[in-house]
Structures are given as structure tokens and as C-alpha cells.
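Novice:
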Amino acid sequence: MELSNRKLDLDRFHQVRTDVLQQWPTGREVRLEEAFSCQQSLPQTKRFADRLTQALKTGRTLVQPRAGVALVADQIKLLLYLQNEGEADLLPLTIDSYTRQNHYQRAEDGIAESLRSGKSMLNGFPAVNHGVSGCRQLVDALDTPIQVRHGTPDARLLAEICYAGGLTSFEGGGISYNIPYAKNADLARTIQDWQYVDRLTGLYEEAGFTINREPFGPLTGTLVPPCISHAVAIIESLLAAEQGVRNITVGYGQCGHLLQDVAAIQSLRVLCEEYLARAGFGDAVVTTVLHQWMGGFPQDEAKAFAVIAWGSAVAVLAQATKVIVKTPHEALGVPTMEANAQGLRCTRQMIAML
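If you're matching positions, the sequence shown starts at 165 in my numbering and goes up one per residue.
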């Protein structure tokens, strides 16, 4: 397999795209010009890149949770609660594990089982199965920008459907969504598949619709040396920019040492901007995200709030553009929406105090 950091030929891209859109029936819903019209109809308040750029200019740290369930109506209910009761600045669309591995029939079975049981039987939202129309229902129902968060080595169809559905931010990369998530995925192949995602993102950029892209900063999640995570973030930013991406959020997972964590976030943006400028992409907007502690959490809620508050302090002292928030139920399994909102409010209070 020939792999290089060169912009994908557009004719070759469209040849591959024909096959990508045939991977699941909902791919037939995607029409690029119609997708551009959907993006054009979005108000500025629903555009992820605009919210980040505004926060960067004002020095504000935004708060964002993780959240995903199987059914459209339940996902809307969950995100509305986090928007209104949790006071989230940005919202997530966390994708289920079957979709992450391109097992769309299993995701379809999970949807059917969720309908029968009356509760989510998937650990996220199966966006490919719900298709463009399902994604647009989410976007229409919320007032807050939504980001797709997943862990998919081959996210080409997922990106096509989500972009056409009006979503305006997409996490991941060919390295950061391979090594931490997939045992047998070939690295060269996942980089190539993510060049497709970034070329698609670049087409939206060329049409006037900026999609935010975010390499996954924490990698394996716990105690990753900043030199390693920084290197991956910079490489994936360069790969994305080469394909036309111009709004990039680079991230870092909290390690626990206050000074190192603050320095890591601040140096990450400086280094990323420096390397992008060297490569001729000085026009790219770079923002940062801190992921609150990704390791083990105390089962006691009071102690869990202390861990959340510590991560919140790092984010605001480092002037991170946003912070991904944990919940006081982290040690217990999937959190309730109430616990998720509590984590958000705790973080927001700490940011306000500092």
C-alpha cells in the first residue's frame, strides 16, 4: 500500500466514495450538494468551529460531556438535559462500539433490542444506521453545537452521514483511533482511510462550511507522556491540514501533575501552530482540549467530585479552549444523565471561580 502525505486526487476520491456510500443502505441518503445546503442552513450558534474560535478569542474554557444511547428520541432527551440542566457549552454524539468496528448489522440488532426492552442496549448512538435523517433530527432539536466522538479506525461512512446530517465536528485520526482502539487494524490503512475523512472535511471547507476536526489526545487514556501524545496530535494535524482541514482541536489527557499538565496544554498549541506554519498551513485555527482524568475513579461521589474539580482547575489554568468532563459515577459504569449534568456543573463552577 502506497502511503504519502499528499492531497488525495479528487477523481480517485470520488471513485472510492462510490464504494464507501454502498457499505450500508443509509449511505444512499448522502448527496454532497444537498449536504452543503444543510450545512448552509445552520445558524452560527450550532457551528462547532465558530463556538471554539469565539472561546479562543475571549479566553473562555468551554465544557463538554460524553453521552450516547441507541435511539434518536432518547438521544435527544439526553442531550437536551445536558444542554439545559448541565449547562453544557458543547454537546457530544458518542458512537456505539458496533459502529466503531463497522458492524452495522449488529448495531441494527441493538436498535431493535432497545425498542423491545425500552432501554438502550448499545453503548452509544448508531449514527450510520439512523442515517442522515436521524442526525438531522438531533441537530434540529438542540441549540448547542454537537461533536461526533467515537473511536472508529475506518470512519469514512460515519463521516459522510454525520456531515450530511448537519454535525459540525468530528473526532479522531488514523493513529489515535487505531492504536488505542483496534488490535488488528493496519496502521497504514487507517491513516489512508482518515485521509479520506479529512479530504471530505476539506471539500466542506472549500464550499464555505468549516468542520472542526479533533485528533484524540489521550490515546490509551492514562499516564501517556506528553511527548508521545503531542507528537501524535501534531502528525495527525499535519495530515488533516494537507487534505484541506482548517479548524483543528488538539488534546491532552490529564496525568495528575498540575504544572506538567498546564505546561503540556500550553506547549501543545504552540508546537502544533509552529509545525503547521512550517508546512504552509499558518491559516489553520488551532484550539485545545483537556480530557479530565481518564484512569480509575473513587466510588465515593464526594471523592469523585474532587477528581473532577482537579481536572477542571488544570483546564482553566492552562487556558484550554474546552474540557471533556467526567461524572461522579465514573467508577460505577454508565452514568445517569443527572450524574453527567452534575459533573458539568461542578466543572463550570470551578472554571468560574478561577
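Don't be surprised by glycine CBs; every beta carbon is placed ideally from N, CA and C. Keep in mind that this is a model prediction, so the values were computed, not measured.
#1: M517: buried (16+ other C-beta within 10 angstroms of its C-beta) or exposed?
#2: Assign T190 to buried or exposed, taking buried as 16 or more other Cβ atoms, counted over all protein chains shown, within 10 Å of its Cβ.
#3: From E277 to M285, what does the alpha carbon distance come to, in whole angstroms?
#4: Please list the segments of the beta strand (DSSP E) lying wholly inside the segment 316-404, counting only runs of 3 or more residues, in order along the chain.
#5: According to DSSP, is K171 helix, strand or coil?
#6: Would you mind giving the Cβ-Cβ distance between P379 and V388, rounded to the nearest angstrom? I have them listed as a contact below 8 Å.
#7: Could you please give the first and the last residue of the uninterrupted alpha helix (DSSP H) stretch that includes G507?
#8: For a test of the three-state rule: what should DSSP assign to F445, helix, strand or coil?
#9: With V480 and M514 assumed to form a contact (beta carbons below 8 Å), what rounded beta-carbon distance in angstroms separates them?
#10: Looking at V312: is its Cβ nearer than 7 Å to the Cβ of R512?
#11: Going by the CB atoms, is the gap between F289 and Q247 shorter than 7 Å?
#12: Taking the straight line between their C-alpha atoms, what separation do you get for A271 and A349?
#13: If I'm right that D362 touches V409 with Cβ under 8 Å, what's the distance once you round it to whole angstroms?
#14: Which of helix, strand or coil does DSSP assign to K210?
#15: Look up H493 in the DSSP assignment and say whether it is helix, strand or coil.
#16: Quick one: is G223 buried, meaning 16 or more other Cβ sit within 10 Å of its Cβ, or exposed?
#17: Quick check: what's the CA-CA separation for A213 versus K221?
#18: Of all the beta strand (DSSP E) runs that stay within the bounds of the segment 219-252, which reach a length of 3 or more residues?
#19: From the DSSP output, which residues share a beta bridge with G415?
#20: With the cut-off set at 7 Å, would you say A231 and L242 are in Cβ contact?
#21: Let me know if A397 comes out buried or exposed under the rule of 16 or more other beta-carbons within 10 Å of its beta-carbon.
#22: So K486 is in the beta strand (DSSP E); what residue range does that whole segment cover?
#23: What's the C-alpha gap between C202 and K467?
#24: Using the Cα positions of Q208 and T308, report the straight-line distance between them to the nearest angstrom.
#25: Would you kindly work out how many angstroms separate the C-alpha atoms of H421 and G298, rounded to a whole number?
#26: Rank I325, M458, T258 and K486 by C-alpha distance to the C-alpha of I412 and give the top, closest one.
#27: So, is S476 buried or exposed, given that buried needs 16 or more other C-beta atoms within 10 angstroms?
#28: Return helix, strand or coil for P256, following the three-state DSSP convention.
#29: Leaving out the 5 sequence neighbours to the left and right, which residues in its chain are closer than 6 Å to W188 when beta-carbon positions are compared?
#30: List the DSSP bridge partners of F289.
#31: Please report the straight-line C-alpha distance between H455 and Y360, rounded to a whole angstrom.
#32: Can you give me the C-alpha to C-alpha distance between S261 and A427, rounded to a whole angstrom?
#33: What is the DSSP secondary structure of Q311, reduced to helix, strand or coil?
#34: For K210, I'd like the list of residues in its chain whose CB is within less than 6 Å of its CB, leaving aside the five on either flank, ordered along the chain.
Specialist: With the given structure in hand:
#1: Position 353 of the sequence shown, counting from 1, holds the residue named residue 517. When all chains shown are included, M517 counts as exposed.
#2: By one-based count along the sequence shown, residue 190 stands at place 26. T190 is buried by the Cβ-count criterion.
#3: As a working note, residue 277 is residue 113 in the sequence shown. As a working note, residue 285 is residue 121 in the sequence shown. Roughly 7 Å separates the two Cα atoms.
#4: 333-335 and 376-378
#5: Your numbering for residue 171 matches position 7 in the sequence shown. DSSP places K171 in coil when its eight states are reduced to three.
#6: Taking the first residue of the sequence shown as position 1, residue 379 is located at position 215. Taking the first residue of the sequence shown as position 1, residue 388 is located at position 224. No, P379 and V388 are not in contact; Cβ-Cβ is about 13 Å, not under 8 Å.
#7: Translated into positions along the sequence shown, residue 507 becomes position 343. Residues M501 to M517.
#8: As a working note, residue 445 is residue 281 in the sequence shown. Coil at F445, not helix or strand.
#9: Numbered from 1 along the sequence shown, position 316 holds the residue referred to as residue 480. Numbered from 1 along the sequence shown, position 350 holds the residue referred to as residue 514. V480 to M514, Cβ: 7 Å. Contact.
#10: On the sequence shown, residue 312 is found 148 positions in, with the first residue counted as 1. On the sequence shown, residue 512 is found 348 positions in, with the first residue counted as 1. For V312 and R512, no; Cβs fall outside 7 Å.
#11: One-based indexing of the sequence shown puts residue 247 at position 83. One-based indexing of the sequence shown puts residue 289 at position 125. Contact: no.
#12: Indexing the sequence shown from 1 puts residue 271 at position 107. Indexing the sequence shown from 1 puts residue 349 at position 185. Cα-Cα distance, rounded: 20 Å.
#13: Within the sequence shown, the letter at position 198 stands for residue 362. Within the sequence shown, the letter at position 245 stands for residue 409. D362 to V409, Cβ: 5 Å. Contact.
#14: On the sequence shown, residue 210 is found 46 positions in, with the first residue counted as 1. Residue state, collapsed to three classes: helix.
#15: The residue given as residue 493 occupies position 329 in the sequence shown. The answer is coil: DSSP assigns H493 none of H, G, I, E or B.
#16: By one-based count along the sequence shown, residue 223 stands at place 59. Exposed: under 16 other Cβ atoms inside 10 Å.
#17: Residue numbering aside, residue 213 sits at position 49 when the sequence shown is read from its first letter. Residue numbering aside, residue 221 sits at position 57 when the sequence shown is read from its first letter. Whole-angstrom Cα-Cα distance: 12 Å.
#18: 226-228
#19: Sequence index remark: in the sequence shown, residue 415 carries index 251 (1-based). Paired residues: V453.
#20: Working through the sequence shown from its first residue, we reach residue 231 at position 67. Working through the sequence shown from its first residue, we reach residue 242 at position 78. Yes, the Cβ-Cβ distance between A231 and L242 is below 7 Å.
#21: Reading the sequence shown from its first residue, position 233 is the one you call residue 397. By the neighbour-count rule (16 or more Cβ atoms within 10 Å), A397 is buried.
#22: Counting from one through the sequence shown, the residue named residue 486 turns up at place 322. It spans K486 to I488 - the beta strand (DSSP E) in which K486 sits, taken as one unbroken run.
#23: Translated into the one-based positions of the sequence shown, residue 202 becomes position 38. Translated into the one-based positions of the sequence shown, residue 467 becomes position 303. Answer to the nearest angstrom: the Cα atoms are 44 Å apart.
#24: Residue 208 sits at position 44 when you count from the first residue of the sequence shown. Residue 308 sits at position 144 when you count from the first residue of the sequence shown. If you take the alpha carbons of Q208 and T308, they lie about 10 Å apart.
#25: In the sequence shown, residue 421 corresponds to position 257, counting from 1. In the sequence shown, residue 298 corresponds to position 134, counting from 1. Cα to Cα, H421 sits roughly 42 Å from G298.
#26: As a working note, residue 412 is residue 248 in the sequence shown. When each option's Cα is compared against that of I412, the closest is K486.
#27: In the sequence shown, counting from the first residue as 1, residue 476 sits at position 312. Buried, by the Cβ-count rule.
#28: What you label residue 256 is simply residue 92 of the sequence shown in a count that begins at 1. Reduced to three states, the DSSP call for P256 is strand.
#29: Counting from one through the sequence shown, the residue named residue 188 turns up at place 24. Cβ neighbours of W188 beyond the five flanking positions: Y268 and V292.
#30: By 1-based counting over the sequence shown, the position of residue 289 is 125. F289 is bridged to I259.
#31: Mapped onto the sequence shown, residue 455 falls at position 291. Mapped onto the sequence shown, residue 360 falls at position 196. Their Cα atoms are separated by approximately 26 Å.
#32: Within the sequence shown, numbered from 1, the residue matching residue 261 stands at position 97. Within the sequence shown, numbered from 1, the residue matching residue 427 stands at position 263. Cα to Cα, S261 sits roughly 33 Å from A427.
#33: Working through the sequence shown from its first residue, we reach residue 311 at position 147. Strand, per DSSP.
#34: Position 46 of the sequence shown, counting from 1, holds the residue named residue 210. Once the five neighbours on either side are set aside, the close Cβ partners of K210 are P309.
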